[in-house]
Amino acid sequence: GNELVDCKCVAGFTGPDGEECVGCVAGTYKVNTGSAVCNLCALDLYSTTVAAVTPDTCLGCPTHTRSDEGSDEITDCSCLVGYSGTSDGAACTACEPDTYKS
Numbered sequence: 564g565n566e567l568v569d570c571k572c573v574a575g576f577t578g579p580d581g582e583e584c585v586g587c588v589a590g591t592y593k594v595n596t597g598s599a600v601c602n603l604c605a606l607d608l609y610s611t612t613v614a615a616v617t618p619d620t621c622l623g624c625p626t627h628t629r630s631d632e633g634s635d636e637i638t639d640c641s642c643l644v645g646y647s648g649t650s651d652g653a654a655c656t657a658c659e660p661d662t663y664k665s
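Quick note, the sequence shown lines up with residues 564 to 665 if you use the working numbering.
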């Protein structure tokens with residue numbers, strides 16, 4: 564029909580049908596057209612892309628690091644317990660023998 568509610572947000576954007584659409588923030592994506600919310604990137608992934616339309620924009624954290632769901636930058640990836648690195652977002656290596664990191 565010709566009703567404003569017939570207008571729907573395209574992939575990468577969210578909002579109520581017939582109202583303003585907002586781009587999915589970094590760390591999220593939306594594949595389909597409609598009013599559904601944006602999906603969070605999974606654990607141990609991150610994305611800097613705004614208005615992402617595919618989960619493929621969610622990239623894996625560096626070796627021996629982890630991140631929470633919806634992480635929006637590589638520095639959200641931090642070393643696993645027992646591993647150490649130069650900074651968040653960098654690959655981590657195992658702690659030296661007889662040492663630990665909690």
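The beta-carbon is built from N, C-alpha and C at its ideal position, and this holds for glycine as well. Values in this document were obtained by computation on a predicted structure and should not be read as measured data.
Asked                                                                                                                                                                              : Found
Which complete alpha helix (DSSP H) runs does the region 599 to 652 hold, if anything under 4 residues is left out?                                                                : none
Taking a contact to mean a Cβ-Cβ separation below 7 Å, would you say V613 touches G586 in this structure?                                                                          : yes
Give the single residue among T620, H627, V594 and F576 whose Cα lies nearest to the Cα of E636.                                                                                   : T620
Measuring straight from C-alpha to C-alpha, what distance separates A653 and S641?                                                                                                 : 8 Å
Might you give, ordered along the chain, the residues of its own chain that have their beta carbon closer than 8 Å to the beta carbon of T626, omitting 5 neighbours on each side? : A654 and C655
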